[in-house]
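Engineer:
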Amino acid sequence: MNNDTVLQVNNLKKYYPVETGFLKRRVGTVRAVDDVSFAIRQGETVSLVGESGCGKTTTSRCIVRAVDPTAGEILYRRENGEVIDLATIGQNALRPIRREFQMVFQDPFSSLNPRMTIFEIISEPLRVHNIGNQREREDRVADLLKRVGLRAEYMRRFPHAFSGGQRQRIGIARALAASPRLIVADEPVSALDVSVQAQVLNLMMDLQDEMGLTYLFVAHDLSVVNQISNTVLVMYVGRVAEIGPPLEIFRNPKHPYTAALIASVPKPDPFNLGARIIPEGEIANPANPPSGCYFHPRCPFVVDICKQETPPLEEIEPGRFVSCHRATEIELTV
Amino acid sequence: MAQSIRSEAIASHSSSNHKPLLEVKNLHTHFFTGEGVVHAVDGASFEVHAGKTLGVVGESGCGKSVAAKSILQIVDKPGRVVDGEILYTSQVSAGQEIRRDILKLDAGGAEMRAIRGGEISMIFQEPMSSFSPVHTVGNQLTEAIQLHTEMSDKEAEQAAIQWLSHVGIPNPTHRLNEFPYRLSGGQCQRAMIAMALSTNPRILIADEPTTALDVTTQAQILNLLQRLQANTGMAMIFITHDLGVIAEVADEVAVMYLGRIVEKAPVKEIFRNPKHPYTKALLTSIPRIDAQPRERLPSIKGSIPHPQNRPSGCPFHPRCPAFIAGTCDQKEPQLADVGKNHQASCFLYPGC
Numbered sequence: 145m146n147n148d149t150v151l152q153v154n155n156l157k158k159y160y161p162v163e164t165g166f167l168k169r170r171v172g173t174v175r176a177v178d179d180v181s182f183a184i185r186q187g188e189t190v191s192l193v194g195e196s197g198c199g200k201t202t203t204s205r206c207i208v209r210a211v212d213p214t215a216g217e218i219l220y221r222r223e224n225g226e227v228i229d230l231a232t233i234g235q236n237a238l239r240p241i242r243r244e245f246q247m248v249f250q251d252p253f254s255s256l257n258p259r260m261t262i263f264e265i266i267s268e269p270l271r272v273h274n275i276g277n278q279r280e281r282e283d284r285v286a287d288l289l290k291r292v293g294l295r296a297e298y299m300r301r302f303p304h305a306f307s308g309g310q311r312q313r314i315g316i317a318r319a320l321a322a323s324p325r326l327i328v329a330d331e332p333v334s335a336l337d338v339s340v341q342a343q344v345l346n347l348m349m350d351l352q353d354e355m356g357l358t359y360l361f362v363a364h365d366l367s368v369v370n371q372i373s374n375t376v377l378v379m380y381v382g383r384v385a386e387i388g389p390p391l392e393i394f395r396n397p398k399h400p401y402t403a404a405l406i407a408s409v410p411k412p413d414p415f416n417l418g419a420r421i422i423p424e425g426e427i428a429n430p431a432n433p434p435s436g437c438y439f440h441p442r443c444p445f446v447v448d449i450c451k452q453e454t455p456p457l458e459e460i461e462p463g464r465f466v467s468c469h470r471a472t473e474i475e476l477t478v
Numbered sequence: 021m022a023q024s025i026r027s028e029a030i031a032s033h034s035s036s037n038h039k040p041l042l043e044v045k046n047l048h049t050h051f052f053t054g055e056g057v058v059h060a061v062d063g064a065s066f067e068v069h070a071g072k073t074l075g076v077v078g079e080s081g082c083g084k085s086v087a088a089k090s091i092l093q094i095v096d097k098p099g100r101v102v103d104g105e106i107l108y109t110s111q112v113s114a115g116q117e118i119r120r121d122i123l124k125l126d127a128g129g130a131e132m133r134a135i136r137g138g139e140i141s142m143i144f145q146e147p148m149s150s151f152s153p154v155h156t157v158g159n160q161l162t163e164a165i166q167l168h169t170e171m172s173d174k175e176a177e178q179a180a181i182q183w184l185s186h187v188g189i190p191n192p193t194h195r196l197n198e199f200p201y202r203l204s205g206g207q208c209q210r211a212m213i214a215m216a217l218s219t220n221p222r223i224l225i226a227d228e229p230t231t232a233l234d235v236t237t238q239a240q241i242l243n244l245l246q247r248l249q250a251n252t253g254m255a256m257i258f259i260t261h262d263l264g265v266i267a268e269v270a271d272e273v274a275v276m277y278l279g280r281i282v283e284k285a286p287v288k289e290i291f292r293n294p295k296h297p298y299t300k301a302l303l304t305s306i307p308r309i310d311a312q313p314r315e316r317l318p319s320i321k322g323s324i325p326h327p328q329n330r331p332s333g334c335p336f337h338p339r340c341p342a343f344i345a346g347t348c349d350q351k352e353p354q355l356a357d358v359g360k361n362h363q364a365s366c367f368l369y370p371g372c
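Sequence order for the protein chains is A and B. Using the numbering used here, the letters of the first sequence map in sequence onto residues 145 to 478. Using the numbering used here, the letters of the second sequence map in sequence onto residues 21 to 372.
Pasting the structure below:
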């Protein structure tokens, strides 16, 4: 693991059993995350992007150990330089380490406890990790509120008094309270109005520069991902299709699914409405995926090997990974 | 069947003159809540022409959904239309049309019920929750068909199967007997479109129909809607917050903010030459897939006011980069011409 790498995920898997009947007989498996590997460097933003069932949210939950992975390694480099495997570490050992990574959630209306004041919400990580006394905590919360563009007096109020955008800022303040290194943001702007999205994205980028934060961003909106990422991972039904910098991924995709995704996004430009090649069929079912490459039934470039063998994730250029048998042969236009 | 739908429908959908098919004039819909009156729609006027799509775009609280529901008189309590006219050209028999204010019709009366779902249909945002979970898909589809036509049970069932196949649902005969929970989001939305179009409406109102769907499914549904529109000649009112979708589907665009229409223009004009400060700000603040990564987005300061805290004068003035003190906070601008077929309501332009 490189010295500037904060998180290295190796062959992560999370499978859920499908059980039926009174005796809970196992009849199948949902392969929510099915062999995912990537790395996040200090100060970087890595985004996991994909549609329903691609495993991006489950991956982020495994990383913060909100769920226990089925297999694989999640190597995390602590502030003191020590490298530990989050996937297998015990709960007691994990507890103090949790201070170093925090989450920001998607729904600003259900991620703040309506019965707690803003002060109680933002200072909760400080209480859990025994940081500071009451006075110091109040100062910290006031400072955090100002950092996220809200007034310090707001700490006496309750969540219902605030709009979606303001609540999301409160969620960010809470995530920053214990001075973490890594923030995992699960669709932090999807529930916000368009004019507010820009404000919150700008805030997150500013805080990242100021505080040297590292972000793992989970999103389905390719435009948002393009705006904030250093590295993008495109996921499909539990697997990684492609990894690379956003300019490369969105202008020069190497995986047919990425090209299909980009083609599907409606562009706010009525002067350039070219014929779009829209993928047919439905997203594969993670409980019953196709053989070989999961995308093969919908892929315009499918050949026999695609139906038989899972394509490995290969580095075709430095920093550019694709899992497609035909990556080097096909020309994808967007 | 596609061919026969086309010729019949186009014949019935083209008006004898060039008046708009639907004309909403000065619509006011208010919600009478315990905490006060919310002016959800505060004087909105717009038109829909046969065969064309009007895109209504705006953010939370702009009133776009309430305006759409007002047309069909299905605004949820405690909401109520308090003023305005909705002139609609209805087909009474072959070649015979009548144009009248449908707001004056009794909401539960036979005439309005014939229009609602029969001549003007609507599809909604959350397809999974728009179907009754305790009735099969077939049951709901045939009910819609039989409410508005004279078909027998068998005929309605056949029509339902045809429509499911038209909207691209595989195994339509089988699907008829399934409950909505067995369909994916995309399939549910297709089934809802089938239900809405099975009565051959003149206007389809689509309220954020693809917002809850994955992006590849959204692309398929938008394609489907455009194809069906081309086949049937129907008009569409497409409501969304997504400017990308507007660029794809709309011919004309109405931008709404806090219950008012702030700008109206053909789609290319809105994107090339926006006049209202809100429209301009919206267009520059959206994340784009072709932008330079890691750059800061220009954003609109402040946030959408709480509907009970309507600003005085122009509703956008507290956030407007072109705010003129003494004017924008005191007087209310009106929609006025700012170009060919282009209207905006802003004191920057004469006539407002």
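Here a beta-carbon is modelled for each residue, glycine too, at the ideal position from N, C-alpha and C.
1. Which residues in chain A have a C-beta closer than 7 Å to the C-beta of P313 of chain B? List them in chain order.
2. How long is the line joining the alpha carbons of G99 of chain B and H326 of chain B, rounded to whole angstroms?
3. Could you tell me whether the Cβ atoms of I259 of chain B and S141 of chain B are closer together than 8 Å?
4. Would you decide whether P370 of chain B is buried or exposed? Buried here means 16 or more other CB atoms lie within 10 Å of its CB.
5. Tell me whether the stretch 295-307 of chain B and the stretch 268-283 of chain B touch, counting them as touching only if at least three CB pairs, one residue from each stretch, are closer than 8 Å.
6. Who does F361 of chain A pair with in a DSSP beta bridge?
7. By the criterion of Cβ-Cβ separation under 8 Å, what are the contact partners of M349 of chain A in chain B?
8. Kindly indicate if chain B contains any beta-carbon less than 8 Å away from that of V328 of chain A.
9. Helix, strand or coil: which one does DSSP assign to S34 of chain B?
10. Cβ closer than 9 Å: which chain A residues qualify as neighbours of K288 of chain B?
11. Here's a check: name, in chain order, each residue in its chain whose Cβ is nearer than 6 Å to the Cβ of E475 of chain A, leaving out the five neighbours to either side.
12. Measure the C-alpha to C-alpha separation of T73 of chain B and A270 of chain B and round it to an integer number of angstroms.
13. Can you list the alpha helix (DSSP H) stretches of 4 or more residues lying completely in the stretch 148-236 of chain A, in chain order?
14. Closer than 8 Å, CB to CB, is S27 of chain B near chain A or not?
15. Do you know offhand how far V248 of chain A's Cα is from P307 of chain B's?
16. Just the chain B side, please: which residues come within less than 8 Å of I422 of chain A by C-beta, in chain order?
17. Closest to A321 of chain A by CA distance: which of A:V180, A:I265, A:D229 is it?
18. How would you write the range of the beta strand (DSSP E) that K174 of chain B sits in, first residue to last?
19. Taking the alpha helix (DSSP H) that P390 of chain A belongs to, which residues open and close that run?
20. Between Y277 of chain B and H261 of chain B, what straight-line distance do the alpha-carbon atoms span, to the nearest angstrom?
21. Could you tell me if C337 of chain B is buried or exposed, where buried requires 16 or more neighbouring beta carbons within 10 angstroms of its beta carbon?
22. When you compare the CB of H112 of chain A with every CB in chain B, is at least one pair closer than 8 Å?
23. For T454 of chain A versus C437 of chain A, is the C-beta spacing smaller than 8 Å?
24. Using 8 Å as the Cβ pair cut-off and three pairs as the minimum, do the stretch 111-121 of chain B and the stretch 167-174 of chain B touch?
25. Counting only runs of 4+ residues fully inside the stretch 370-439 of chain A, write out the alpha helix (DSSP H) ranges in chain order.
26. Residue range of the alpha helix (DSSP H) that Q250 of chain A falls in?
27. Starting from Q238 of chain B, follow its DSSP beta bridges and name the residues at the other end.
28. In three-state DSSP terms, what is P441 of chain A?
29. Below 8 Å on C-beta distance, what does N346 of chain A contact in chain B?
30. When the Cα atoms are used, what is the spatial distance from R313 of chain A to V265 of chain B?
31. Give the residues of chain A in contact with F291 of chain B, contact being defined as C-beta atoms less than 8 Å apart.
32. DSSP state of L303 of chain B, grouped into three classes?
33. Find the nearest neighbour of M260 of chain A within the set A:E223, A:A305, A:E217, A:G356, judged by alpha-carbon distance.
34. What is the C-beta distance between T214 of chain A and K157 of chain A, in whole angstroms, given that I count them as a contact (C-beta under 8 Å)?
35. Taking Cβ positions, are A87 of chain B and A70 of chain B nearer each other than 8 Å?
36. Should R300 of chain A be labelled buried (16 or more other beta-carbon atoms within 10 Å of its own) or exposed?
Structural biologist: On the basis of the coordinates in this document:
1. Here the neighbours are N370, Q371, S373, P390, L391.
2. 17 Å
3. no
4. exposed
5. yes
6. F361 of chain A is bridged to A:S191, A:A329.
7. R314, R316
8. no
9. The predicted position of S34 of chain B is uncertain, since its pLDDT is 49 and thus under 50; no value can be drawn from it.
10. P414, F415
11. none
12. 5 Å
13. 200-207
14. Note that S27 of chain B has pLDDT 45, beneath the 50 cutoff, so the model's placement of it is unreliable and no number is given.
15. Cα to Cα, V248 of chain A sits roughly 20 Å from P307 of chain B.
16. What I422 of chain A touches in chain B: T236, A239, Q240, N243.
17. That would be A:I265, whose Cα lies nearest to the Cα of A321 of chain A.
18. Unbroken run through K174 of chain B is the alpha helix (DSSP H), 173-186; no beta strand (DSSP E).
19. Run containing P390 of chain A: 390-395, per the alpha helix (DSSP H) assignment.
20. 11 Å
21. The question names Cys, but residue 337 of chain B in the sequence shown is His. The residue is buried, with at least 16 neighbouring Cβ atoms inside 10 Å.
22. For chain A, the structure presents residues 145 to 478; residue 112 of chain A sits outside this window and is missing.
23. Pairing T454 of chain A with C437 of chain A gives a Cβ-Cβ distance under 8 Å.
24. no
25. 390-395, 400-408
26. From DSSP, Q250 of chain A is part of no alpha helix (DSSP H); its letter is neither H nor E.
27. Q238 of chain B is not bridged to any residue.
28. Three-state DSSP puts P441 of chain A in a helix.
29. R316, L317, S319
30. 28 Å
31. Under the 8 Å cutoff, chain A gives P412, D413, P414, F415.
32. helix
33. Comparing Cα positions, the closest option is A:A305.
34. Taking C-beta atoms under 8 Å as the contact rule, T214 of chain A and K157 of chain A qualify, at a distance of about 5 Å.
35. no
36. With fewer than 16 other beta carbons inside 10 angstroms of its own, R300 of chain A counts as exposed.
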